[in-house]
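S.K.:
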Amino acid sequence: AHLVDDIKTSDSPERRAYASLLLDTLIPIIKTWPSEYGCKANSMAIQVMGGAGYVNEHPVEMFYRDNRLNPIHEGTTGIQSIDLLGRKIQIKEGAGFKAVLSEIHASIAAVQDSEYLKDFAFQLEQACVQLTTTTELLSAAMVERNIDLALSNSVKYLDMFGNIVIAWTWLKLGAVAEAGLANTEHDQDRDFYKGKLQAMQYFYRFELPEIYAWAALLSDLDDTCYAMQKEWF
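Position 190 (the sequence shown) corresponds to 172 in this note's numbering; numbering is contiguous.
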């Protein structure tokens, strides 16, 4: 939302152009990642509650039903991923991709004085290195080898990029939570901030590492999906 505000209200033409570049690059992730993973989060909420979560008396049933629409009407995941890897990453010699990484690196630099957060920042930095390596390999493959093969697993590239963007968001939230925790004496507020930090830790320990398996698949130019024939269904 703040990028849209910058595009519409900034007095600086350079800032408007930069915000537009960032937004254009991130749009496939913004549209797709929440619609896919938000529904999964609601499904897990029902699972946690068991049978009680499946009935109308509890809101998680409604949340799941409402959110299940999102992957359907945003059901262009494949199109969005091809747009991200095949077009958004490539335009202006990768300027949008570089801009996103620059913003992530700025957030990483901002937490280096935090003993707690700097380990997560390092993990995010390593993930960005992997993303850059994978992006460069796929970009070269689209030019030098087979563009259709290079794009055939683009959904996993979007998942990979999306997990990194969410990890970046959690790092920024973690910085706010850490500051809030240091400046409150109320137990309820402390519990709230500790919960945010624990959720961030969960994402970094359980979700972010998945990108390395996806990177290996992408880097190998795996043709499992590409080679499938309609007659084999």
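Glycine included, each C-beta is placed from N, C-alpha and C at the ideal position.
How long is the line joining the alpha carbons of residue 215 and residue 97, rounded to whole angstroms?
M.R.: Each residue's alpha carbon lies about 53 Å from the other.
S.K.: Taking just the CA atoms, how far does residue -8 sit from residue 29?
M.R.: Rounded to whole angstroms, residue 29 to residue -8 spans 45 Å at the Cα level.
S.K.: Helix or strand or just coil, what does DSSP make of residue 87?
M.R.: If DSSP states are grouped into helix, strand and coil, residue 87 belongs with the helices.
S.K.: What's the gap between the Cα of residue 34 and the Cα of residue 25?
M.R.: Their Cα atoms are separated by approximately 13 Å.
S.K.: Is the beta carbon of residue 124 less than 8 Å from the beta carbon of residue 132?
M.R.: Yes, the Cβ-Cβ distance between residue 124 and residue 132 is below 8 Å.
S.K.: Starting from residue 185, trace the alpha helix (DSSP H) both ways and give me its first and last residue.
M.R.: Note, residue 185: premise wrong, no alpha helix (DSSP H); not H, not E.
S.K.: Just tell me which of 94, 146, 135 has its CA closest to the CA of residue 112.
M.R.: Ranking 94, 146, 135 by Cα distance to residue 112 puts 146 first.
S.K.: What's the gap between the Cα of residue 93 and the Cα of residue 103?
M.R.: Going by the C-alpha atoms only, they are around 7 Å apart.
S.K.: So what does DSSP say about residue 34, is it helix, strand or coil?
M.R.: In this structure, residue 34 counts as helix in the three-state DSSP scheme.
S.K.: Evaluate residue 209 with the Cβ neighbour count: other Cβ atoms within 10 Å of its Cβ, from every protein chain shown; 16 or more gives buried, anything less gives exposed.
M.R.: When all chains shown are included, residue 209 counts as exposed.
S.K.: Over the uninterrupted alpha helix (DSSP H) stretch that includes residue 294, give me the two end residues.
M.R.: The structure shown does not extend to residue 294, since the chain spans only -17 to 215, so no value can be given for it.
S.K.: Quick one: does residue 175 have its CB under 8 Å from some CB of chain D?
M.R.: Here chain D cannot be found, since the structure has a single protein chain.
S.K.: With 16 other CB atoms within 10 Å as the buried threshold, where does residue 160 fall?
M.R.: Per the 10 Å Cβ criterion, buried.
S.K.: DSSP three-state call for residue -14: helix, strand or coil?
M.R.: Residue -14: helix per DSSP, three-state reduction.
S.K.: If you compare alpha carbons, which of 144, 152, 176, 91 is closest to residue 163?
M.R.: Comparing Cα positions, the closest option is 176.
S.K.: Which value, in whole angstroms, describes the spacing of the CA atoms of residue 8 and residue 76?
M.R.: About 13 Å.
S.K.: Enumerated in chain order, which unbroken segments of the alpha helix (DSSP H) with a length of 4 residues or greater are wholly contained in the stretch 142 to 215?
M.R.: If we require 4 residues or more, the alpha helix (DSSP H) runs fully inside the stretch 142 to 215 come out as 169 to 184, 192 to 201.
S.K.: Within the continuous alpha helix (DSSP H) that includes residue 126, where are the two ends?
M.R.: Unbroken alpha helix (DSSP H) run through residue 126: 100 to 126.
S.K.: According to DSSP, simplified to helix, strand and coil, what is residue -7?
M.R.: Residue state, collapsed to three classes: coil.
S.K.: Could you tell me the distance, in whole angstroms, from the CA atom of residue 18 to the CA atom of residue 107?
M.R.: One C-alpha to the other measures close to 25 Å.
S.K.: Taking the continuous alpha helix (DSSP H) assigned at residue 76, which residues delimit it?
M.R.: Per DSSP, residue 76 belongs to no alpha helix (DSSP H) and is neither H nor E.
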